[in-house]
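Novice:
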Amino acid sequence: MSKVMFRRLRFLLMIVLCLFFILGGRLAYLQIYQHEYYMFRAEENRFTKMPIPASRGKVLDQDGSELITNKPGFGVFLVDLDEGHDPQTLSFLADMLDMEKEEIKQAIHENRYTRYRPVHLKNVDHDTMAKISENRWQLHGVNIEVEPVRYYPYEEAGAHLMGFLSQAPPSDYFVDKWEQEGYNYREGDLVGQQGIEESWEAYLRGIDGEQLIETNSIGQAIDFLDREEPVPGNNLHLTLDIGLQEEIMNILEGKIAELHDDDNDYADRASAVAINTKNGAIKAMASYPSYDPNTVKDDIGELSDDHRFPMVNFALNGAYPVGSAYKMVTAAAALETGEVTESSRHNCTGSYSAVGTTMSCHSTHGRLDLRHAIAASCNIYFYKTGLDTGIDNLAHYTREMNLGKRTGFVDIPGETEGNVASREYKEEKYGERWYQAETMSAAIGQTYHRFTPLQLAAYTSIIANNGDHYRPFMVDKVESNEGEIIMESEPEILRQADITQQTFDIIQEGMLQVTAENRGTASHQFNDFPVEVAGKTGSVQIARGSNGIPPHSLFVAYAPFDDPEIALAVVIEHGGYGAESAAPVARDILEEYFQEEVEEEEENSDD
Amino acid sequence: MINYKLLKNFDLPLFLLSLLLAGYGLVVIYSATHVMDIPESFFFVRRQAMWLGAGVVGVFLLISIDYINLSSWARYIYMLSLVLLGAVLVMGQGADVQRWINLGFIDIQPSEYAKLALIIVLARVLSEKESELATNFWMMVPTLFYTALPMGLVFLQPDLGTAMVFVIILLGLLYIAGVNFKYILGLVAAAIAAFPFFWVRLAEYQQLRLMSFLNPDLDPMGAGYQLMQSMIAIGSGGVWGKGLFDGTQVSLQFLPEQHTDFIFSVLGEELGFAGAIGLLVLFLLMIYRILLIGIHAKDSFGSLICSGVAVMFTFQVLVNVGMTMGIMPVTGLPLPFISYGGNSLLVNFLAVGMVLNVGMRRQKIQF
């Protein structure tokens, strides 16, 4: 052998040694130095946690009637299928479920690495479930499981308050809110949208359980290990009286239908709010038209095309000028600033000229005092008084009455603020100075005032309570599935209006006259009502020069006069004068609320 | 025939090492395959054992004839291997890649045998021109053609790994035979310069494998996924392993090709650092014995045969084990003696047989 070959063979041996040394080093690095990391990865490979959904809490009204509950639905699942799945089963299923074959294939494909997890195809009704069950023998790998489906038994009656469930991504505001309340949103979660379902999501949803599964490389379950049971969601007890709520919805719907029959094609929306004056508990909050949360997913296209916006809660989010229903604010401002006393009189001649403009009244009232002016809703009296009091004082007392200002209601998201007519508002919004003529309009609730029906009910309640403003609330208590009270609402006085008792007495008496004395604008509607009601009509002409378009019809009321329990606001868009539509609706609602008294009265009159 | 004096020089340790490795392989193949969906749990083990038997018979047949004859027959052996490689392309079995010829009762994988043929023909050519190799560049040119032909045929299958084995055998033998080192460097430089041409000829999955070697996160469920699962298996084995038949990566079948290409991952997971280092030591001892025989061979042809076999084993161990640990690209090269695959096992034994043959006939004059 040549010397060169010998040397080179030796060198080759050295290279081989070095290469094996590198392999050994890499082996030591993986198996000793990084062992823990790879051990963790191996376990992670092996085990998967499958969530077990918690059952969502119920929502109940003040008497325990179920407003939102879960009813058994039937879910069609595919279990452990590979992608080359039997095409006959696919066609049959596609037919049965009214789905595209491609859609089903896609669902199987997406699940290819997590085959332990059944593929949820669709929820079906009882008939379809039965048909699939009958054909079970030819549907390999198709399972039907009972799955809770959210159910809203009162359908349209409480839709805006309840909301619904959807997989649409929630706003950041709610994601943050829920996180603070202990629920971390993950993309794709079925969550509440709007209403109680949205704002109380963290309380309602419960805590999902977990099933630890050993899986193989294609995600087939090999073994079921530890199981952590889900914690069911909490039940919410509302202050709502669903009987009253339903009746109000019927009354509103009936009134709109009646108006349509009278050739009023403009009237198509109405809302009403009823609050317990003693604590702020909301008894009813209705917005017509409404929708059915049970089918909203299928109806969404139609609903969003509807020009009446059925999915908007106008009781909470409709902001209106309120017309004469505002006059108690002008009265309070004038009394508090000393511009009038309870015996000050003005003469109504049917029209009034001042600051370069002439305004008219709906009637010629003659000489009248403040109580009478409220009862008869005399515009001239309030034009004059408003001018004397000035816009700045009017704006101040508007806020004292919590109008154009959020009421503090938070149980349902998104209360609209509205706005108060004032110099500052006009300057900011339009960059124009205030005209005195506008003060006259503002004094009867027109111009830039925009208040929500909820604010109107709260304002009426403040008058009834001699200034106490309770925070309106709808969730009375939260109860765990085991019956433990998690949270209970306490009545909360947010503010006391800085208005004297004497002023309240005068306003209240004026409001009583509205229904109780002949000259009152709503006396006709309430003449045989067994309970003393303090009320006020309002009519708002929306657009100047739009003759023929009926005004919005409003009515606010509280009762009983001596010991108030309930404050009510009714708004019927383009319903005509307040006394025409809103007042009779308010009477019907109060009749429902004071059912016992009404029946007693009827018995007495029969005798 | 084998006479007693020849048997005196039979390298028993090398033969035992090859049996030990093959036995080790059978155990790991059993562990890797008994969890699979197969007719009976010894299915793969039995087939591999039959090839092992054939290998042992092959060794004894091979050592009964003087290896000098291989030198005379070199060109015929080489030609036969080219014909078989060509036949694969014409009538090969396999969906995307063609590697086997089906003979009814048996599948033949010519690329395995072609490795031996190449070693023999190169050893012959280089040993003839040994004296001029250090000074004359043109003396090594014929070897390039001898290598390029089978390489091209294998490349068309396509089998990138085996093509690389041919290149390494060539480079190894040029070096050992005494070719001027500068010539070899020039050759390597030229090969690297030609790389882009080869790259565009690679199948997409091959490009992907090479790229995922550079960046395993590139394709977590594809090529990089295999690599990651293999490293998880080995790393999670630790010092002593999870125990034979107790690997979770193995039994849940997270490992790709766990009885062939990735069998080292199975071994690493179940038998740990101890079992894996043990295997590497066995290989090292084997290659050491082969090179030792090469050093003591009576002629250059014998030395080059041993060198070629040593380079082939070293390269396959390096690439296969390195691949499972993420320091070599994923190619389909089997781990000698261990990976399931009959042709490969038989060829490995025949290679050992050639080396044993060289060792037995190392004395120039027989009495």
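From first to last, the protein sequence lines stand for chains A and B. Quick note, our numbering runs 458 ahead of the 1-based positions in the first sequence. Quick note, our numbering runs 3 ahead of the 1-based positions in the second sequence. Don't be surprised by glycine CBs; every beta carbon is placed ideally from N, CA and C.
1. State yes or no: is the beta carbon of N503(A) nearer than 8 angstroms to at least one beta carbon in chain B?
2. So with Cβ pairs under 8 angstroms, would you call L283(B) a contact of chain A?
3. Looking at chain A, is there any beta carbon in it that lies within less than 8 angstroms of the beta carbon of V242(B)?
4. So, is L119(B) buried or exposed, given that buried needs 16 or more other C-beta atoms within 10 angstroms?
5. Could you name the residues that DSSP lists as bridge partners for L190(B)?
6. State the Cα-Cα distance for the pair L579(A) and E558(A), rounded to the nearest angstrom.
7. Can you pull the DSSP bridge partners for I1030(A)?
8. Since Y178(B) meets chain A, which of its residues come closer than 7 angstroms, beta carbon to beta carbon?
9. Using the C-alpha atoms, what's the distance from E502(A) back to A236(B)?
10. Measuring CA to CA, which of L1012(A), A1037(A) and V600(A) is closest to F909(A)?
11. In three-state terms, what does DSSP make of E524(A)?
12. Counting only beta-carbon separations shorter than 8 angstroms, does H567(A) have a partner in chain B?
13. Near V242(B), what residues of its chain come up, given a Cβ to Cβ distance below 8 angstroms and the 5 sequence neighbours on each side ignored?
14. Between E659(A), V633(A), G738(A) and N708(A), which lies nearest to R929(A) when the distance is taken from Cα to Cα?
15. Just how far apart, CA to CA, sit L15(B) and A25(B)?
16. I want to see whether chain A comes within less than 8 angstroms of Q261(B), judged by CB atoms only; does it?
17. Taking Y116(B) and L147(B) to be in contact with their CB atoms under 8 angstroms, please state how far apart those CB atoms are, rounded to whole angstroms.
18. Beta-carbon of I671(A) versus every beta-carbon of chain B: anything under 8 angstroms?
19. Whole angstroms are fine: how far does the CA of E614(A) sit from the CA of E524(A)?
20. Looking at the strands, I want to know which residues DSSP matches up with L349(B).
21. Among the residues of its own chain, which have a CB less than 6 angstroms from the CB of N693(A), if the five just before and after it don't count?
22. Using the beta-carbon of each residue, which ones in chain B are nearer than 8 angstroms to G482(A)?
23. Taking the alpha carbon of F47(B) as the point to measure from, which residue in G362(B), L64(B), L29(B) and G61(B) has its own alpha carbon closest?
24. Just curious, the beta strand (DSSP E) that P606(A) is in, first and last residue?
25. Let me see if you follow: with CB-CB separation under 8 angstroms, is I490(A) close to chain B or not?
26. Does any residue of chain C bring its CB to less than 8 angstroms from the CB of L683(A)?
27. Kindly list, in the order they appear in chain B, the residues whose Cβ is closer than 7 angstroms to that of A486(A).
28. If we ignore side chains and look at the alpha-carbon of each, how far apart do Y641(A) and A660(A) end up?
29. Compute the Euclidean distance between the alpha carbons of G356(B) and S233(B), then round it to the nearest angstrom.
30. From S134(B) to K461(A), what distance separates their C-alpha atoms?
31. To which residues does DSSP link Q954(A) through a beta bridge?
32. Hey, how far is the Cα of Q209(B) from the Cα of G344(B)?
33. Specify, as a first and last residue, the run of the alpha helix (DSSP H) that V60(B) falls within.
34. For the candidate residues H765(A), S782(A), V731(A) and L683(A), whose alpha-carbon lies nearest to that of I706(A)?
35. At a CB-CB cut-off below 7 angstroms, which residues of chain B make contact with Y496(A)?
36. Tell me the rounded alpha-carbon separation between V361(B) and L283(B).
Specialist: According to the data block:
1. yes
2. yes
3. yes
4. L119(B) is buried by the Cβ-count criterion.
5. BP columns for L190(B) are empty, so no partner.
6. 11 angstroms
7. A728(A) and S1011(A)
8. R466
9. 12 angstroms
10. When only C-alpha atoms are compared, the closest one is L1012(A).
11. Here E524(A) sits in strand by DSSP.
12. It does not: the Cβ of H567(A) has no partner Cβ on chain B nearer than 8 angstroms.
13. G275, F276 and A277
14. G738(A)
15. 15 angstroms
16. no
17. Contact flag wrong, Cβ pair sits at about 21 angstroms.
18. I671(A) does not count as touching chain B.
19. Distance between the alpha carbons of E524(A) and E614(A) is about 14 angstroms.
20. Note: L349(B) sits in no beta bridge, so no partner.
21. G515, K516 and E937
22. Going along chain B in sequence order, the residues near G482(A) (Cβ under 8 angstroms) are I280 and L283.
23. Comparing Cα-Cα distances from F47(B) to each of G362(B), L64(B), L29(B) and G61(B), the minimum goes to L29(B).
24. V600 to Y609
25. For I490(A), the nearest CB of chain B lies under 8 angstroms from its own CB, placing it at the interface with that chain.
26. Although the question refers to chain C, the structure presented lacks it and instead comprises the protein chains A and B.
27. F276
28. 5 angstroms
29. 33 angstroms
30. 12 angstroms
31. Per DSSP, D926(A).
32. 21 angstroms
33. F46 to I66
34. With respect to the C-alpha of I706(A), the residue from H765(A), S782(A), V731(A) and L683(A) having the closest C-alpha is V731(A).
35. M234, I235, G238 and S239
36. 25 angstroms
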